[in-house]
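So the protein sequences, as listed, match chains A and S.
Here our numbering = 1-based position in the first sequence + 602.
Here our numbering = 1-based position in the second sequence + 602.
No residue lacks a Cβ here, since even glycine has one placed at the ideal position from N, Cα and C.
Everything below concerns the one structure shown next.
2 protein chains.
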Amino acid sequence: MNEILSHSEENYLKEIFHLSEGTNQKVSTNALAERLNAKASSITDMLKKLAEKKLVSYIKYKGCELTDEGEKIAVQIIRKHRLWETFLVNKIEFGWEEVHDVAEQLEHIQSIKLIDGLDKFLGYPKFDPHGDPIPDKEGKISYRKSKIQLSETVINSLVEVVSVNEDSLSLLKYLDEIELNLGTELKILERYTFDESIKVKIVGGQELNLSKKVAENIGVRFISEI
Amino acid sequence: MNEILSHSEENYLKEIFHLSEGTNQKVSTNALAERLNAKASSITDMLKKLAEKKLVSYIKYKGCELTDEGEKIAVQIIRKHRLWETFLVNKIEFGWEEVHDVAEQLEHIQSIKLIDGLDKFLGYPKFDPHGDPIPDKEGKISYRKSKIQLSETVINSLVEVVSVNEDSLSLLKYLDEIELNLGTELKILERYTFDESIKVKIVGGQELNLSKKVAENIGVRFISEI
DNA sequence: CATAATTTTTAGGCTTGCCTAAAAATATTT
DNA sequence: AAATATTTTTAGGCAAGCCTAAAAATTATG
Ligand SMILES: [Mn+2]
Ligand SMILES: [Mn+2]
Ligand SMILES: [Mn+2]
Ligand SMILES: [Mn+2]
């Protein structure tokens, strides 16, 4: 417990957390391999090491799962990642599509005093620039309870954009272009059954069509019927 | 040129710079070994690699020296180190004795946009919390021309503290205790030949004795005769 | 200047975190 | 339930960055 972990080990814990978040399934070797851009054999190697350190439970051929200790560490890394992203956007004038790669580096900086100081300096933000919740010092994550995917909304409703999937650079850039940001309000006008694309009106902005794929990667909160 | 360097390689370049700063001597393997807390044989290994990459010039048994390219990189790492230290003290409420270890990690973060943004955010500071000059974007270092060691001052002069050696934690803590900071003015009252300690009066504060060793690690600027 | 002391390099080895290729286990089809 | 396909593990290897012990070069000393 409380041993220093390598960047690699931290990244494994974080990705295991992300892959199992929401589900209660174990994480497969191949899924990890894809997310970490490594070969399955490398994953197996590392899982053995992390199991040895009691940070994951791992049964050959059956996938892995974080232990309580492993999850605690993973959440703190995610806390750091999201606080640094918030810092970059709020203080250093980064765009939301520019922050992730730098935060991938910053999340490994080892200093509790720094991260708690940063949290205070930023005013204890609850969400990062992509709308993802920032875990608190104790590791508590306040998920937005009423969040649904834009692709799941019913027509004739008014919704507010509360999160976007940060994984795709090109999505973030596209949303910048069409001026769809966190806080933006959308009227859901139509859904086309052929490709499940939807027509929306940005309140105070243009009307436009969004593909199913785009809509699936935007999180919204229902406001009202139109 | 412009290849990505490992943390280790960056640390070697930085220490070679520090060890040769001021002097025009080559840096010896043993000197590096001591500063980097590694064995001489490890240093030899790395010098071969850095020479291969044209970042140092290295002749067996004759020590090493940074190339122009190597020096450019070293200076940028020092720029990052000192900007981060300034950030920690000015924005995150760190004490000057707490910043170095964290800055050792932060100096390896790879993002020109971040470091230039940080520089702007901090208001383009010229000196770090220990009074060391912060290289600018182009690598120019504005050394304080009139700086001398407190140990070299003449009695009956009034001086201002402009820098302290950051290498010793215990020195920094001691200076905190006696309330000797950057900007503090000192009257040089006496010098005892036996141990070369000096008696000083902190303007607006107490009178006290400083050992030669302490005085050598404090940089001051002459203001006037008393 | 020859011998001793010091510094530096070489030789060989270890761990971490990857890799490829082949073998073994598991899942899917027919 | 075989046969086939997919997933996962094992075996063996490689580069980075460190180590110890021994050899070689340099420097200091009588
Ligand atoms: Mn991110
Ligand atoms: Mn994010
Ligand atoms: Mn420092
Ligand atoms: Mn400093």
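Residue i CB to nearest heavy atom of ligand 2 below 7 Å
i        : result
HIS732/A : yes
GLU687/S : no
Ligand 4 heavy atom lying under 7 Å from the CB of residue i
i        : result
GLU768/S : yes
ARG684/S : yes
Where residue i falls: helix, strand or coil (DSSP)
i        : result
ASN632/S : helix
ASN811/S : strand
LEU638/S : coil
VAL805/A : coil
SER622/A : helix
ILE680/A : helix
GLU673/S : helix
TYR614/S : helix
ILE820/S : strand
GLU605/A : coil
SER644/S : helix
GLU831/A : The shown model of chain A, from 603 to 828, leaves out residue 831/A, and the question about it has no answer.
LEU657/S : coil
Residue i Cβ short of 7 Å to ligand 3 heavy atom set
i        : result
GLU612/A : no
GLU623/S : no
HIS620/S : no
Contact test: residue i Cβ vs ligand 1 heavy atom, cutoff 7 Å
i        : result
ALA705/A : yes
HIS710/A : no
HIS702/A : yes
Exercise. Closer than 7 Å, Cβ to any Cβ of chain A: which residues of the region 658 to 680 of chain S, in chain order?
Worked result: none
For this session: Could you name the residues of the region 693 to 716 of chain S whose beta carbon sits closer than 9 Å to any beta carbon of chain A, in the order they occur along the chain?
Result: LYS693, ILE694, GLU695, PHE696, GLU700, ASP703, VAL704, GLN707, LEU708, HIS710, ILE711, GLN712, SER713, LYS715 and LEU716
For this session: Write down every uninterrupted run of the alpha helix (DSSP H) in the region 686 to 759 of chain A whose length is 4 residues or greater and which is fully enclosed by it, in chain order.
Result: 701 to 708 and 714 to 723
For this session: Please list the residues of the region 718 to 735 of chain S that have a C-beta atom closer than 7 Å to any C-beta atom in chain A, keeping them in chain order.
Result: GLY719, LEU720 and PHE723
Exercise. What beta strand (DSSP E) runs, 3 residues minimum, are completely inside the region 772 to 796 of chain A?
Worked result: 787 to 793
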